[in-house]
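Trainee: This structure is in structure tokens; I'll ask about it shortly.
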Amino acid sequence: GDLVFKTVIPRNIRLGEAPSYGEPISTYAPNSAGAHAYHQLAQEILERNGAAIPQRVPS
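First residue of the sequence shown? That's 288 in our numbering, and the numbers climb one at a time after it.
This is the structure in structure tokens:
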């Protein structure tokens, strides 16, 4: 149903390290699997709410 998201956030060393450095995964390791998964989740949330989806800028 609509209560569960399709995006799966994988366990990932970079995801565990980012908070230790006081950074979000999107800046600590933007090309990691975890960063991509959280970006996908954000897109899914925006799509469900009918919001415009910003385009990701490659780094």
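Virtual Cβ for every residue (Gly too), placed ideally from N, Cα, C.
Please read all numbers here as calculations on a predicted model, not as lab measurements.
For Val295, which residues in the same chain have their Cβ closer than 8 Å to its Cβ, ignoring the five residues on either side in sequence?
Mentor: Counting from one through the sequence shown, the residue named residue 295 turns up at place 8. Closer than 8 Å at the Cβ level, and outside the excluded window around Val295, lie Ala324.
Trainee: Over the uninterrupted alpha helix (DSSP H) stretch that includes Thr314, give me the two end residues.
Mentor: Looking up residue 314 in the sequence shown gives position 27. Its alpha helix (DSSP H) spans residues Ile312 to Tyr315.
Trainee: Please work out which residues of its chain come closer than 8 Å, Cβ to Cβ, to Glu331, disregarding the five sequence neighbours upstream and downstream, and give them in chain order.
Mentor: The residue you call residue 331 lines up with position 44 of the sequence shown. Answer for Glu331: Phe292, Lys293 and Thr294, listed in chain order.
Trainee: Arg298 and Ala316 look like a contact to me (Cβ under 8 Å); what is the Cβ gap, rounded to whole Å?
Mentor: Numbered from 1 along the sequence shown, position 11 holds the residue referred to as residue 298. Numbered from 1 along the sequence shown, position 29 holds the residue referred to as residue 316. Contact doesn't hold; Cβ gap of about 14 Å is too wide.
Trainee: For Ala338, count neighbouring C-beta atoms within 10 Å of its own C-beta (all shown protein chains included) and say buried if the count is 16 or more, exposed if not.
Mentor: What you label residue 338 is simply residue 51 of the sequence shown in a count that begins at 1. Under this definition Ala338 is an exposed residue.
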